[in-house]
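*Asks:* Chains as they are written, first to last, in my numbering: chain A, 2 to 308; chain B, 271 to 810.
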Amino acid sequence: MPSVTVSDLRKQYDDVVAADGVSFEIDRGEIFGLLGPNGSGKTTTLECIIGLREPDRGEIKVAGIDARRHPRTVKERIGAVLQTTSLQDKITPREALTLFASFYLKAARPADLLERFGIVEKADAPFDSLSGGQRQRLALALAFVSNPELVFLDEPTTGLDPQSRRELHAEISRMKTDGHTVLLTTHYIDEAERLCDRIAIIDRGRIIATGAPHELIAGSTTYQSVSLATATAIDPTLLAAVPGIDDLAIDGTRTTFRTATVSRTLGGLLHELDARGIDVVDLRVKKATLEDVFIRLTDSGPREHEL
Amino acid sequence: MRAFLQHLAASLRLHYRNKMALIYGYLFPLIFLLAFWVLYRYESVPLVRHMGELLTVSVLGGACFGLPTTMVSERERGIWRRYRLAPVSTLTLVSSTVAARYIILITAGLLQLAAALGAGMPLPAHPAGLFGAFAFVSFAFIGLGLVMAMMADNVPAVQALGQCIFLPMLIIGGIAVPLASLPEWAQHFSMFFPGRYAVESLQACVNGAGLGAVRFQALALVIIGAGGCIAASQMFRWDAQQRFSRRSGKGWLAVALAAWAIVGLMSEYRGRGAARTTAARTAAPVQPQAPPPAEPPRVVTTQPALSPAETRALSSSPPPKERPAPPRVAEKPAPKSSATEDAQPQPPHPVRSSWQEVTIADIERDLIFDRLPSDQGIVTPIAGSDEDPDPEVADHLEYIREMLPSWQPGKVADPVQRVRNLLYVAAVPDVQQTPIERFAPHAVYERLQHDIPKDQLIKILYWIAVHPTDGDDAAVDQVWALKFQSGAIDMQQVRDRAAIYGVKLLGRLLGKIPEGVRPGSDQGQTPDHRADGLGSHVRQ
């Protein structure tokens, strides 16, 4: 039985449809990523599952329990880190964990959580004196105060420095090792590719692809990227006769394009260059990445590695 | 229950770590107390008369500013949203928040009360009732605070909403400004505000007839509080992104407003707003609650208009531990006083059974005219002979002069009562603090001197000074015929002020206070701000 089943979830805010028939399943012990650009509906979907928002329609089952009919039962079994978790300025991590532990029937010991998430030294420091990384670790500790079967992480690494981000990645990997099921939303492609067993790409409120990262790459496209350096610049009209070239870009002596017919296109291209006496200095053919898949599916432009 | 207690404890801990919250919650009430004490230092039992107002201001500030500010601030930061992820009910969290606020309010109230007692205020007449009244008042204002917390989208909006409620309630809602000083429309208006019922409930337990005498006010507070709680529960929002203007439940605000309207209409139906003195009389003075004298008073030494607390302050003696007794026999020939001296045997005074027996020796022995409140002060002011009233005041004064000879209470057969009634004509505008207050005494003195032979008037004025609570005060209900403001008025204050005006006239008749001279300035007396101004004119 899947840990989470979402069927035909729909949520609309005024004229904006944030989730439009979203359906997916998460298997037990799996790290599942919801990957999408900002405003794609991934946070709305997550918040509907954990009971922060009431969907307009759809079915949500968490650990076999109808989350819409029995939200408190579900809340006993899950933990979540929201995009922004702020606490009162003067509350200490120990006090916050003790307070939240009192909300659950079977809560973890605050001292254990302080130890596990490395905030023992800051256990009695006021919240407003904690660094961003320490606050995020406290947010994770709060998510684990319920001894959760399932953990929901909404863009947990956004705004963190590289060191804190690496530490959090390690912690998320440990969750899987410990047997937790994790739903992670992110707009970092490398994060999704690195951490997730399976990914659902969401755009404009719809799931447009689901699968393991390598499956998505292998199955969703035959396009490959070609990067070519020549001794002299290529005249674009020369390439008109070459079949299968898409997304052509010429920058001085550097030419890049994508093609679904590598052998045929490169054969034609090299023939044309040889006929005109243009030497090839460098030639690279690269298979598609998750980013390529994502860009093609969501029709988004790349922003370094953040989309 | 564990969640309730933990959240309650956390809320209190965080409150006591917040310096600003401590300043607003505890220091401001003490500042209010000090301000009232300074402003009303000349009145009889100054603090005991204003504890209802002081405690109401404290509750109003804590419940209508402190509570919603905390809740909205936490909501804005996403703390309530984080709470919502946990399997804990809204009721649990809101209840613990309210309980924490109640503890904060009651500790602030107790601190204020302790400070007042330290300043010489007698113990509340009904301590248990006071706790009950405080709970009713807190319930009403916390309900209001919850509604504000649900309406305000951010902390600045709380401040704006709070001011919209706080200031009208303070000024025309019967909290900071006595109802008697307000025009009639404002007194009707105040019936729709909880502030009035809060003041009356608390005051009745401090120095009045107790909570049983203000059942309607308590009911009004419960209705207002319940209306607020119901509305707030239906408008509750966890998330700052849920803007009030776009929420579907905002129609429930009508329930809170309806509660105010129902209370106001009930009050109108009962005729409370139109009553002139009912409200004030529910808050009876301290004196009637004290045990009566064991024998008929043969007073020669007492203090018109002086509270025991003030008397202690003036005599520089330490405050007694017990509630002060009413004016009674104090057989002391020497003009000195102290708590310890009271206990020592003193040579007896001659006993006077009627005003006709009063002698100049009695007056010389018992009254000290150079310690009267300044004519230029706040209490019992009298315009100097060189001062001209504004045209409007001059017209009113002329009207009073014309009407006094035919004013029925000024024609009663009993000369003592007649003098009392005429002195009320000076005392009422003084209590109401209307523009005529500084000029009305002239008309009254003229009338008294015209109507009563001087030798009799001297004796009668002395008699009234030492018997300020005797006689009838029904004449106060007829001063409105002299175009004075209508509205509730504190009868004890009126009697006290009348007695002081009596002594001031007596001083003028005896040449102790030269006509046209302003005591407190020309005679070298300290003016109004002097701590020992009022009542020192009566020897102990």
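Glycine is no exception: its CB is placed at the ideal position from the N, C-alpha and C atoms.
1. Are the beta-carbon atoms of L139(A) and L131(A) separated by less than 8 Å?
2. Closer than 7 Å by C-beta to F860(B): which residues in its own chain qualify, once you throw out the five before and the five after it? Chain order, please.
3. Since G534(B) contacts F462(B) with CB under 8 Å, what's their CB separation in whole angstroms?
4. To which residues does DSSP link F25(A) through a beta bridge?
5. Can you look up E538(B) in the DSSP assignment and give me helix, strand or coil?
6. What are the residues in the segment 89–118 of chain A lying within 7 Å of chain C by C-beta distance?
7. Under a CB-based cut-off of 8 Å, is L535(B) close to chain A?
8. Can you find a C-beta in chain B that's less than 8 Å from the C-beta of V73(A)?
9. Can you give me, in chain order, the residues of the segment 126–141 of chain A that have a beta carbon less than 7 Å from any beta carbon in chain B?
10. Applying the 10 Å Cβ sphere with the 16-neighbour rule, what's the burial state of R582(B)?
11. What does K12(A) touch in chain B if you count any residue whose Cβ is under 8 Å from its own?
12. Among the residues of its own chain, which have a CB less than 6 Å from the CB of R259(A), if the five just before and after it don't count?
13. Let me know the secondary structure DSSP gives R175(A) once reduced to three states.
14. What is the DSSP secondary structure of F153(A), reduced to helix, strand or coil?
15. Please state whether DSSP places I209(A) in a helix, a strand or coil.
16. Classify C499(B): buried if its beta carbon has 16 or more other beta carbons within 10 angstroms, exposed otherwise.
17. Along the chain, where does the beta strand (DSSP E) that runs through E452(B) open and close?
18. Applying the criterion that 16 or more other CB atoms from any shown protein chain within 10 Å of the CB defines a buried residue, is K724(B) buried or exposed?
19. Determine which residues of the segment 36–62 of chain A have a Cβ less than 7 Å from any Cβ of chain B, and write them out in chain order.
20. Quick one: Cα of S577(B) to Cα of L361(B), how far?
21. For the candidate residues H272(A), F118(A) and K288(A), whose alpha-carbon lies nearest to that of R175(A)?
22. Taking the Cβ atom as the reference point for each residue, do L431(B) and Q382(B) lie within a distance shorter than 8 Å?
23. What's the call for K287(A), buried or exposed, on a 16-neighbour Cβ count within 10 Å?
24. Span of the alpha helix (DSSP H) holding R58(A)?
25. Within 8 Å (strictly less), CB to CB, does A81(A) reach chain B?
26. Taking a contact to mean a Cβ-Cβ separation below 8 Å, would you say L36(A) touches A20(A) in this structure?
27. Take A1(A) and list the residues in its own chain whose beta-carbon comes closer than 8 Å to its own, dropping the five residues that flank it on each side.
28. From I279(A) to P237(A), what distance separates their C-alpha atoms?
29. List the residues that DSSP assigns as beta-bridge partners of T231(A).
30. Looking at the unbroken beta strand (DSSP E) that takes in F709(B), where does it start and where does it end?
31. For E156(A), return the contacting residues in chain B, with the cut-off set at a CB-CB distance below 8 Å.
32. Verify the CB distance criterion: does T187(A) have a CB-CB separation below 8 Å to chain B?
33. Is any beta-carbon of chain B found at less than 8 Å from that of S87(A)?
34. Residues of chain B with CB closer than 8 Å to the CB of E77(A), please, in chain order.
35. What does DSSP give as the partner residues of T260(A) in its beta bridges?
36. In whole angstroms, give me the CA-to-CA distance for D700(B) and A419(B).
*Replies:* Once the coordinates are examined:
1. Contact: yes.
2. The structure shown does not extend to residue 860(B), since chain B spans only 271 to 810, so no value can be given for it.
3. 3 Å
4. Its beta-bridge partners are V7(A).
5. helix
6. Of the protein chains in this structure, namely A and B, none is chain C.
7. no
8. Strictly speaking, residue 73(A) in this sequence is Arg, with Val absent from that position. Yes - at least one Cβ of chain B is within 8 Å of the one on R73(A).
9. none
10. With a pLDDT of only 34 at R582(B), under the threshold of 50, the placement of this residue in the model should not be trusted; the figure read from the coordinates follows. By the neighbour-count rule (16 or more Cβ atoms within 10 Å), R582(B) is buried.
11. Ordered by position in chain B, no residue passes the 8 Å Cβ test against K12(A), which lies about 14 Å from the chain.
12. Y224, S226, D247 and D248
13. helix
14. strand
15. strand
16. buried
17. Correcting the residue type first, residue 452(B) is Leu in the shown sequence and not Glu. It is not in any beta strand (DSSP E) - L452(B) carries neither H nor E in the DSSP assignment.
18. exposed
19. I51 and L53
20. Note that S577(B) scores a pLDDT of 37, beneath 50, so its modelled location is shaky; the value from the coordinates is reported in the next line. Using only the alpha carbons, I get a separation of about 48 Å.
21. F118(A)
22. A distance of 8 Å or more separates the beta carbons of L431(B) and Q382(B).
23. Classification of K287(A): exposed, given that the 10 Å Cβ count is below 16.
24. It is not in any alpha helix (DSSP H) - R58(A) instead sits in the beta strand (DSSP E) that spans R58 to V63.
25. A81(A) belongs to the set of residues whose beta carbon lies under 8 Å from a beta carbon in chain B.
26. no
27. There is no way to answer for residue 1(A), as the model of chain A reaches only from 2 to 308.
28. If you take the alpha carbons of I279(A) and P237(A), they lie about 13 Å apart.
29. V281(A)
30. Counting along the chain, F709(B) falls outside any beta strand (DSSP E), and DSSP gives it neither H nor E.
31. Within chain B, no residue comes near E156(A); the closest Cβ sits about 14 Å away, beyond 8 Å.
32. For T187(A), not one C-beta of chain B is nearer than 8 Å to its own C-beta.
33. For S87(A), the answer is yes, since a Cβ of chain B falls inside 8 Å of its Cβ.
34. P357
35. BP columns for T260(A) point to Q225(A).
36. 41 Å
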